[in-house]
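Protein chains in written order, with this note's numbering: chain A, 4 to 758; chain B, 677 to 1010; chain C, 546 to 896. Since the structure comes first, as structure tokens, the remarks are kept for the end.
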């Protein structure tokens, strides 16, 4: 029985008034929640014209003040806010009042936005208050009028997130695309066409070479045509199939020919991608198999370390270490192998460096997709008489294919976007990501930079949509796998031995690279004079290095928190709420994830140097760039975390009259603390080692460690660079290990894992 | 929601508190060490704060252009003269005649006219790591560099990304005439191991033994040698070109007074000696009263050509020459 | 001593919920739920019963229509303003809180004073018989105990309407029966207006004051369990609640004629051809001297307490359950005479 009968129940007593229901008898709210945002907007209005030609968020400027106050649009905004405030207290039905407030909010927001578009005066803190107040007011109104499912917080969040995506992702990229064809106020395709035909971008028929590249390429195309056609013929396909195969083969042959004989950034980057992406993916798969199923624990532990390394390694440093190991006077090539060749400069060096950097990323992704395989499938195959090889070929391989596609795509994007390795090891070849930088800084041509950026952006997006088309739909952020448990089929012994050897060589090489960085930081002159010295560390701490490192850490920390919170919020909205514009928010986060850093950096310069959103030369722009750069990773983590939580927990909280913010704080945060802290740390660490997206955004007093590092490398201050590299690697490693351990303990306590 | 609003107000208050004192925002293009040495000395001399951003002269010009509507820099210190000249012609900088104008070396003033203030001069040359030559003779002239025995042993900057490289092309054109210059460049191309994106990088490659010969400014070679790299720097016999480092006042700068104070100070001998003493920079300084650093290349001993900055500093000429190089030399297979 | 409960009436007017372009989960539903009543929404999966419940809860927003609590339209109000609460199928106990914290959650959200929270949580736990388990975590409780925590957690905030979303489906069959009795007993004791969703017709009949049978987003029939069983409005309802045979017959306003077998029947159905719904337990063997239907035994299965027969009646199958077993057992192939208990027969419009 539930409880002994009525003795405890005192239903006969007159029911006292219910203290919980203070808002009775009228259903709904006596006062609209919009009143507070309205006040915010009104307060902000009095400070609205704050702004200075060269600094946002600052000081009162009398002339501007005069300009602004006189404008009817701003009076309209104030009127709307006051109206909303008055309406908030009007004793009418909540939904009806919501509709009225909504109208006021739309009018207010539209007039403020219109004023800033017209005046192009950079907005300051007052405008920020007005805008935030009006958006929150709209959120309240949307929720109370019942036009958006969810409470005011959800509605406001949807608005804010959409606004952010629009302002900080879509708009900057739009300016890049526009700048490539819209010059000095009119459409002008000359720069676009010139760049497209420029030898630095793409050239196939080189009159100066002894060979005829066009003919060679055509020969490849012909070979592909004939080869594929003949193969199809041999397989006795239907004639339409033979034709399609032959055409496809021909196209493939042409592409191969272009990649092999073409000159310029486009074919080089594509060739690089077609070397790096498959290699990194296959190595990642090999390591993932080892990591999951290796018979020796040591193998798995070494993989744990390897998978963290690329995340904590600052750019340039590894490329440099490679020169010292593999260059003309490299320790391995010269001292060990007695070679003397500069082969490392150019495609081979960049490819090796990228494979080193991206294999662990592919590994992590594939590890996840392997661990979500249901072992029962492999067991079933084995009970049906399949040996390890057959099981692997017929069961494991087809099931990891989506994971492979994802890893392939990611390595592809990373390879295309990579800035640090080509700039150090690039040799005489050109690369898309560095050309964006060099065309802006070396050739002072922003429009050309925009062309490179636009092409690069389209390439990455093309790859993305190709993959989605191939794997078939599905949402970018909501794809997750749940780990399952069970006995996994062991790897075939021969394969395992082979893979272990590969891993061993890999580990030794990587260890040598990292060791050489440490050695370099203590050597008098890296590569020439290996006398022990602390000079570089002294220089580092007494010179600009230490201060910049601290500043970088501060900026990274400041950016990590909003990146994580925003990522969590987006993940929550996208996976738990249905709202108009959801696909848009998803698409935005995909864009900011896929866009190469240099392109985003250029885009920010274009977008935020003039007009209402003036941000250049402030720490704010670096923070914002990093926030939106790292947000997608946080989104993925949070989505995966949310997928493990039964949505009815949140609904239960709602049913107990908690608003969504309370639900997040009291239910989701404690349950996701582990995921969130992990996301925070990774946002911090990736911000610390970011370079391509901030290189255009640094300014006096707002220096970034990685950019300084590039300066030192450029100036030959290799000892100092190595010292900074060592300090960064060691401290970031410490941060990761310590904080993740703390998070694990904290998470265990919060969730109360007591059995 | 309520808390969120309160938080927002608090956060905006934080931004409000961010007032700042008068200071110079310096766009600094020479060696980082030199840039770092400026701040403390300037503060001591004038009391003004100085924040700098190190950007190569090309990057610097790009930044000035990007920020033309809202300049954040006040003065532009150092870096090769061409971008300074372009910036002046585009109205990004303005000419300011310092009180010490009379003390500036006359030849330098003659070359640049009233466009930017000469800050230093540095000559092109060869920076050689003899150990990597494996007994081959050291090249003495521009023509020597085309000798096939140096194949894969030479590095020079990439004209498409480095102003130094353009100075090399312009120098060759001025010594040999355009056609012959491009023949030399074509021969040189066969021997080049790497075109670097930055102007000072070739010397590093040579220092570390990746190549034997670097073509770049000699004072950078001297710097690398001072750091301990086994390098010697010297000028080719046919004569060589040079750069004039510039100093410019940014137009519409936010802190104009401080910027002028900085320019006045930067041209004094006391400030200019910092280059060699603290800044690892061994160019000839523009104030004739500044004592030459013992390591600095001796201009008197170098066969300097009469470099025509007015012709070769224009974007049109530059674009044409670099374009010709990119179309004719760069794609030639090696 | 859950004091201060003020149960409300619930009324749905023209309620519509559309997903996407043309999926109508709830299509124009009108419904009145009396104060203190337990009303069950019953139907197969996908019939819209859960959506209707979530609309009342405020977890979904209606496409059109009104939801009235005590004559106030709350359709556009967010869930947390509705004074409605819900017990979930999965219980949805917060895994990071112990029993006390779970039950106290709603009170803490409402920022009640500490002493009040303590007292009311204790009271609620006592009411569901979970005294002394306040400091266990949900994972340390049995399924039935978790269910009671969920109930206590819902009741402690004194909702005006209590919603149940298939609360028993995670329990095993035996426990299910006991817990449903407990829920009913508690509901009647507190007199709280409740809406209960289930797909289990037995559960619905056992627990409800009234049952709403839903199908494809619309209400098929509303009635007391007895009404639904004895006078189903459609074949769907008859089939969904219990099992039924459907035979073609005629009705002249006073008598039913089924294959020549006639008996008096009073029902508000138009005269003419009709479908006669015959519950399996309505079939009996007839004595030799009374009018009867001739049938052949197709199969017979002895189940102890009852025997299940499948008869062939003039080419139509008739399924029957007869209690008492042995008396006049028939065997496969036997020719038998059958009669029908009039009370377990109802008429439907002819197909």
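No residue lacks a Cβ here, since even glycine has one placed at the ideal position from N, Cα and C. Model, not experiment: these values are computed from the prediction.
> Under the rule that 16 or more other beta-carbon atoms within 10 Å means buried, what is residue 788(C), buried or exposed?
Replying inline: exposed
> Quick one, are the C-beta atoms of residue 739(B) and residue 931(B) less than 8 Å apart?
Replying inline: no
> Can you tell me whether DSSP reads residue 758(B) as helix, strand or coil?
Replying inline: helix
> Under 8 Å between the Cβ atoms of residue 561(A) and residue 706(A)?
Replying inline: no
> Going along chain C in order, which residues have a C-beta closer than 7 Å to the C-beta of residue 652(A)?
Replying inline: 637 and 639
>> Going by DSSP, what residue range makes up the beta strand (DSSP E) through residue 313(A)?
In response: No beta strand (DSSP E) contains residue 313(A), which is instead part of the alpha helix (DSSP H) from 300–315.
>> Judging by CA-CA distance, which residue of 702(C), 706(C) and 782(C) is the nearest neighbour of residue 650(C)?
In response: 702(C)
>> For a test of the three-state rule: what should DSSP assign to residue 814(B), helix, strand or coil?
In response: coil
>> Between residue 476(A) and chain B, is any beta-carbon pair separated by less than 8 Å?
In response: Summary for residue 476(A): the model assigns pLDDT 48, below 50, so the residue's position carries little reliability; its value from the coordinates is reported in the next sentence. Taking Cβ atoms only, chain B never reaches closer than 8 Å to residue 476(A), which makes this a no.
> In three-state DSSP terms, what is residue 928(B)?
Replying inline: coil
>> For a test of the three-state rule: what should DSSP assign to residue 799(B), helix, strand or coil?
In response: strand
> Using CA coordinates, which residue listed in 570(A), 631(A) and 154(A) is at the minimum distance from residue 675(A)?
Replying inline: 570(A)
>> Can you tell me whether residue 525(A) is helix, strand or coil according to DSSP?
In response: helix
> Could you give the uninterrupted runs of the beta strand (DSSP E) lying entirely in the stretch 756–824 of chain C, keeping only those of 3 residues or more?
Replying inline: 763–768, 790–796, 800–803, 806–809 and 817–823
> Would residue 500(A) be called buried (16 or more neighbouring beta carbons within 10 Å of its own) or exposed?
Replying inline: exposed
> For a contact meaning CB atoms closer than 7 Å, what does residue 562(A) contact in chain B?
Replying inline: Simply none; closest approach about 15 Å.
>> I'd like to know if residue 2(A) contacts chain B, where contact means its C-beta is closer than 8 Å to some C-beta of that chain.
In response: As displayed, chain A neither begins before 4 nor continues past 758, which places residue 2(A) out of reach and without an answer.
>> I need the DSSP call for residue 532(A), collapsed to helix, strand or coil.
In response: strand
> For residue 915(B), is the classification buried or exposed, using 16 other Cβ atoms within 10 angstroms of its Cβ as the cut-off for buried?
Replying inline: buried
> Helix, strand or coil: how does DSSP classify residue 728(B) here?
Replying inline: strand
>> Using only the alpha-carbon positions, how far apart do residue 344(A) and residue 530(A) sit?
In response: 16 Å
>> Comparing C-alpha positions only, which one of 824(C), 847(C), 818(C) and 861(C) sits nearest to residue 839(C)?
In response: 861(C)
> Assuming residue 321(A) contacts residue 280(A) under a Cβ cut-off of 8 Å, what Cβ separation, rounded to an integer in Å, is found between them?
Replying inline: With a Cβ gap of about 19 Å, residue 321(A) and residue 280(A) do not count as contacting.
>> Checking the sheet assignment: what are the DSSP bridge partners for residue 854(C)?
In response: 845(C) and 865(C)
>> Quick check: what's the CA-CA separation for residue 685(C) versus residue 679(C)?
In response: 11 Å
> Going by the CB atoms, is the gap between residue 899(B) and residue 957(B) shorter than 8 Å?
Replying inline: yes
> When the cut-off is 8 Å and only beta carbons count, does residue 541(A) lie next to chain B?
Replying inline: no
> Given a limit of 8 Å on CB to CB distance, which residues of the stretch 650–674 of chain A reach chain C?
Replying inline: 651, 652, 654, 655, 656, 657, 658, 659, 660, 661, 662, 665, 669, 670, 673 and 674
> Considering only residues of the same chain and omitting the five flanking positions on each side of residue 286(A), which have a CB-CB separation below 6 Å?
Replying inline: 362
> When we look at the beta-carbon of residue 480(A) and count the other beta-carbons within 10 Å, is it buried (16 or more) or exposed?
Replying inline: Note on residue 480(A): pLDDT 39, under 50, position unreliable in the model; the coordinate value appears next. It is buried - the Cβ of residue 480(A) has at least 16 other Cβ atoms within 10 Å.
> Count the other CB atoms within 10 Å of the CB of residue 782(B); is the residue buried (16 or more) or exposed (fewer)?
Replying inline: exposed
> Where does residue 851(B) fall in DSSP's three states?
Replying inline: helix
> Taking the C-alpha atoms as reference points, what is the distance between residue 432(A) and residue 268(A)?
Replying inline: 7 Å
>> Along the stretch 647–658 of chain C, where does the CB come closer than 7 Å to a CB of chain A? Name the residues.
In response: 650, 651, 654 and 655
> For the candidate residues 368(A), 601(A), 441(A) and 216(A), whose alpha-carbon lies nearest to that of residue 310(A)?
Replying inline: 368(A)
> To the nearest angstrom, how far is it from the Cα of residue 666(A) to the Cα of residue 657(A)?
Replying inline: 7 Å
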